[in-house]
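Participant: For the sequence shown, the working numbering gives the first residue as 15, with consecutive numbering after it.
All residues carry an ideal CB built from backbone N, CA and C; glycine is no exception.
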Amino acid sequence: MAGSRWTGARCASPGCNRERAFFRRLRHRVAIHHVPRREEAQGKLEEHDKGPLMGARIIAAQQRVGHYGIASCGTMVALAKAVRQKELASLLAEMLKDENMHQQQWLAVIEELV
Numbered sequence: 015m016a017g018s019r020w021t022g023a024r025c026a027s028p029g030c031n032r033e034r035a036f037f038r039r040l041r042h043r044v045a046i047h048h049v050p051r052r053e054e055a056q057g058k059l060e061e062h063d064k065g066p067l068m069g070a071r072i073i074a075a076q077q078r079v080g081h082y083g084i085a086s087c088g089t090m091v092a093l094a095k096a097v098r099q100k101e102l103a104s105l106l107a108e109m110l111k112d113e114n115m116h117q118q119q120w121l122a123v124i125e126e127l128v
């Protein structure tokens with residue numbers, strides 16, 4: 015990345031060990047709090063009988079899963095900014111914008127269904 019302190023596999027900054035430790039802890043926490051999206055969505059679908067509102071139920075399950083992505087992406091934007099990775103923060107912010115747009119599109123679809 016342009017302006018990055020990383021050069022290949024080595025870091026050129028004294029703060030890199032701290033950053034490595036931070037991301038190591040972050041990966042550990044993400045692993046601990048991982049939400050099995052597919053299993054959760056499948057469970058929600060199995061709770062209901064098939065019927066005229068099945069499409070709305072499927073979209074509602076997808077929206078719940080999408081909220082996990084929005085929350086994760088928002089956090090990653092903040093973390094990228096905190097470690098001064100402007101290019102990464104910008105890319106993640108764009109992803110966050112797209113995720114929010116998709117949620118609005120799903121909302122429009124579900125409003126048509128019900």
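Between A70 and chain C, is there a C-beta pair that is closer than 8 Å?
Facilitator: Protein chain content of the structure displayed is limited to a single chain, and chain C is not contained in it.
Participant: Roughly how many angstroms lie between the CA atoms of L67 and L127, to the nearest whole one?
Facilitator: Walking along the sequence shown from the start, residue 67 turns up at place 53. Walking along the sequence shown from the start, residue 127 turns up at place 113. Those two C-alpha atoms are separated by around 8 Å.
Participant: Cutting at 6 Å between CB atoms, please list the residues of its own chain near A70, excluding the five before and the five after it.
Facilitator: Residue 70 sits at position 56 when you count from the first residue of the sequence shown. Closer than 6 Å at Cβ, skipping near neighbours: I124, L127 and V128.
Participant: Taking all protein chains shown into account, do 16 or more other C-beta atoms lie within 10 angstroms of the C-beta of A96, making it buried, or fewer, making it exposed?
Facilitator: By one-based count along the sequence shown, residue 96 stands at place 82. With fewer than 16 other Cβ atoms within 10 Å, it is exposed.
Participant: Using 8 Å as the threshold, is the C-beta distance between D105 and C87 below it?
Facilitator: On the sequence shown, residue 105 is found 91 positions in, with the first residue counted as 1. On the sequence shown, residue 87 is found 73 positions in, with the first residue counted as 1. Residue 105 is actually Leu in this sequence, not Asp. Not a contact, by the Cβ cut-off of 8 Å.
Participant: For the alpha helix (DSSP H) containing R71, list its first residue and its last residue.
Facilitator: For this step, residue 71 is matched to residue 57 along the sequence shown. Per DSSP, R71 belongs to the alpha helix (DSSP H) from M68 to A96.
Participant: Assign M115 to one of two classes, buried (16 or more other C-beta atoms within 10 Å of its C-beta) or exposed (fewer than that).
Facilitator: On the sequence shown, residue 115 is found 101 positions in, with the first residue counted as 1. Exposed is the call here.
Participant: Where I46 and M90 are concerned, what is the direct C-alpha to C-alpha distance, given to the nearest angstrom?
Facilitator: Position 32 of the sequence shown, counted from the first residue, corresponds to residue 46. Position 76 of the sequence shown, counted from the first residue, corresponds to residue 90. With a pLDDT of only 49 at I46, under the threshold of 50, the placement of this residue in the model should not be trusted; the figure read from the coordinates follows. Cα to Cα, I46 sits roughly 17 Å from M90.
Participant: How is the alpha helix (DSSP H) around V123 delimited, first residue to last?
Facilitator: On the sequence shown, residue 123 is found 109 positions in, with the first residue counted as 1. Residues K100 to L127.
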